[in-house]
Structures are given as structure tokens and as C-alpha cells.
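In what follows, a single structure is set out as C-alpha cells and then discussed.
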Amino acid sequence: MENKTIILINNRNKSYSKTLINESEIKYDKNLVSLLKSYDKSKIYNLTHIEDMDGMTSAALLKHYYDLPYENIIFADYGELNLKNTIADMKKSISNGVLVITDLSLNEKFIPIFKKFLRFARTKKNKVIWLDHHFCGEDTINSIFPLLDYAVIGENRKFCGAELVYNILCEKSEIGSTLAKIAHAMDFKVEIEEKYNKHIKNILYAISYLNKNGNYKKNLRNFIKDIENLDFNSELIRNAARKYTETAKIETKYIINNTSVFDSNGYKIAVGFGKDLNSTDVCDSIEKKVNSDLIIYAKSDSYSASLRRSKNIDINCIKIAAKMGGGGHPFAAGFPIPVNIDIATNTGRKIFVNKIKKVVDSVLKNDS
Ligand SMILES: [Mn+2]
2 MENKTIILIN NRNKSYSKTL INESEIKYDK NLVSLLKSYD KSKIYNLTHI
52 EDMDGMTSAA LLKHYYDLPY ENIIFADYGE LNLKNTIADM KKSISNGVLV
102 ITDLSLNEKF IPIFKKFLRF ARTKKNKVIW LDHHFCGEDT INSIFPLLDY
152 AVIGENRKFC GAELVYNILC EKSEIGSTLA KIAHAMDFKV EIEEKYNKHI
202 KNILYAISYL NKNGNYKKNL RNFIKDIENL DFNSELIRNA ARKYTETAKI
252 ETKYIINNTS VFDSNGYKIA VGFGKDLNST DVCDSIEKKV NSDLIIYAKS
302 DSYSASLRRS KNIDINCIKI AAKMGGGGHP FAAGFPIPVN IDIATNTGRK
352 IFVNKIKKVV DSVLKNDS
């Protein structure tokens, strides 16, 4: 059921229209670029995904091409509290500007929060542009997109979030295309030239470390500065990656020891619990240990869970995540953990496993 098309919504002329277009039809939008350029750079804001290189690169591209102040780059993840705080913060500053939301998927659970925020942003005379490549349900689109001025949204198998920013909002350049290429390689997990490939693990680990430790806003803005200069081997990145690796070793062992396994419609499902680490790395480690087809990694710091399927396994992670109020891609998705389940306790973990088992059972039953 993978979507081959993306959805473009254009509300710039006050008329809300929704168009289905092919991925290959995504191109440089002159009108949108001149709209952005008509604003003072201090009035351009970016709300981007905190957790991966795609979100960071989206911000770096906007910084590079539109030179917005670093303080105008704001980070969000899918934790309910983080999102509420981030939005409360933004409300203080944005008016008469343009907000570009990048690589942030719309989870059903957060629609009310976003709706309220977008209405506020509009009353403060801001334009809102949303560029994302995650799957998005029809209901979500219909309820939120009339509040946007321009959006490209929906499962996109060709371009990641940063590539949407590059293709739609940026004139072609060496720096821009390099950044877009690296984000693509990391998001779609494909190899690139060795001169970049050799930095990918460090970049991945650095982001995982920086967004959870110290002054994360300041650190991530410095990270963005480094990648905008194509300095993927900066001191900041190397140090953060090293610190991440040190703690991750011990923590991954803990997670593997706190993994439950169950069977669902002939598939082996693993559910691991522990602190926030790099999701793909942790899920790979769990899979190696228990040989599972689907891995669910419940993270105690952000109270969110990540889903990854094993290679060659045709389970659609979106369907499971959606039933838990989340979203993502068929091969990788995520959802918020219900706050009334205390996953720090054994009882809470059992409740969570039972709940997720019911969801997985029903999704896989309907698919088989
Ligand atoms: Mn992405």
C-alpha cells in the first residue's frame, strides 16, 4: 500500500486546493522562493525534526539559503511534552513572519495541538509552509491543511525532507546538493561516496548525543553550523559521537536484557525497553540478539516508541504506529507511549507489551 504520489496543498491564493502529484513533479517553486525572500531574515522561522540528519539538514539548507538567525531554528520531537513546550516558546516570538516546518510528520495524536498553534500563528499574520515526506492520512490532511499556506506532504519514496527543502526552495549549488545527498543516504540507508560515507556513523551518533545532553538547542545549532560548512568531522561531531558510543554500549546491553518476545501470526515480535539511544542502532542490536521480524523499542526518556521491521519482512510499520497515534514509513515508524503506562516498572512494561500485542495481532491478521 505504499504511496507513489505525494500531495501538494497550495493555499497561497486563499483557495484551499489539494493536488496529487508525482514525486518527479516536485521542483523549484519560484513564487514560494520570492515569498520567502520578501521577508526580513529575522522573520523566517524553521521548526524541524530534532532526531535525525534529515531534520538537521533541512535547517542547514534554510540557514544557508535564507540566512535566518540561529535562534529561529526550533527543534521538535514526538514527545507530547516537548511539543507543547516548543510551541509555547514559539508563540512568544512569531508574528508577521513565515514559518517553515520541515521533516516533521503529523501524528494523529498531535493534531489538536498543531491546529491550535497554527490558528494562533495565522492570527499573528504568519505564513506557514510544511515540507515533509512521511505518510499522512486523508483525515489528517483534511483537518489541518486548510490552515497552511503551502505544503508538500505524504509518503515519498524518492525524496527525504531535506531534499524537499533543497528541490523546492533552493537554487542549485554544490553545498546544497551535497547536503541533500547526505541526508538522502542517511534517510534511505543507501551508500554514498566514501569521503562522506565514512562520517555517517559519527553524524548519526552525534545527533543522538547532542539532542539529549547539555544545552541541546545551542549544541544542535552549532551542529547545523558545522554541516552547513560541510565540516562533518568537526570537533563537536567527533566528541559527541565518542561520548555517545561510550554510554550506548552499556545501555544497549540493558535494553537487550529488558526485551520481551512474542509471536503474532507467525512473526516474531520483540519489544525492548530502555533509555533513548539511536533507534535504528538499538533495533538492529535487538534483532541480531533475538532474530525478530519486527522490533519495537520503547524509550523511557522521550516516552515514545520506534518500530523497525527486519529486511525482507513485509510488515507495514505505519499501520501499527497509526493505531497508537503515531506515523512514519512502512519500514520505520514511531508513536508516543500512553502516559498512563509506567514503562519504568515491570507491571507497566507488561501492560505495554499486552497492548502492543493486541494492535500487532489485529494489523497482521488483517494483512494476511
Ligand atoms: Mn526524514
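Just so it is clear: in the sequence shown, position 184 is 185 by the working numbering, and no numbers are missing. Don't be surprised by glycine CBs; every beta carbon is placed ideally from N, CA and C. Just so we're clear, the structure is a prediction, and the values are computed from it rather than from any experiment.
- DSSP, read as helix, strand or coil, puts H50 in strand.
- The C-alpha of N214 lies about 10 Å from the C-alpha of Y245.
- In terms of side-chain proximity, the C-beta atom of G162 is found nearer than 6 Å to a non-hydrogen atom of ligand 1.
- In this structure, the beta-carbon distance from K358 to F263 falls below 7 Å.
- Placement of the Cβ of D78 at a distance of 6 Å or more from every heavy atom of ligand 1 is found.
- Per DSSP, reduced to three states, the secondary structure at L105 is coil, with no helix or strand assignment.
- Distances between the C-beta of D232 and the heavy atoms of ligand 1 are all 6 Å or more.
- Annotated three-state conformation of K269 is strand, per DSSP.
- Taking 8 Å as the upper bound for CB-CB distance, H65 and G177 are in contact here, some 7 Å apart.
- For G328, the three-state secondary structure derived from DSSP is strand.
- The shortest CA-to-CA distance from K254 to any of N266, E236, D282 is the one to D282.
- Of the residues assessed, Y29 falls on the exposed side of the cut-off, its CB having fewer than 16 other CB atoms within 10 angstroms.
- For I270 against D294, the beta-carbon gap comes to about 7 Å, under 8 Å, which counts as contact.
- DSSP places N23 within a strand segment (E or B) once states are collapsed to three.
- Separation of I112 and D53 (C-alpha to C-alpha, rounded to the nearest whole angstrom) is 22 Å.
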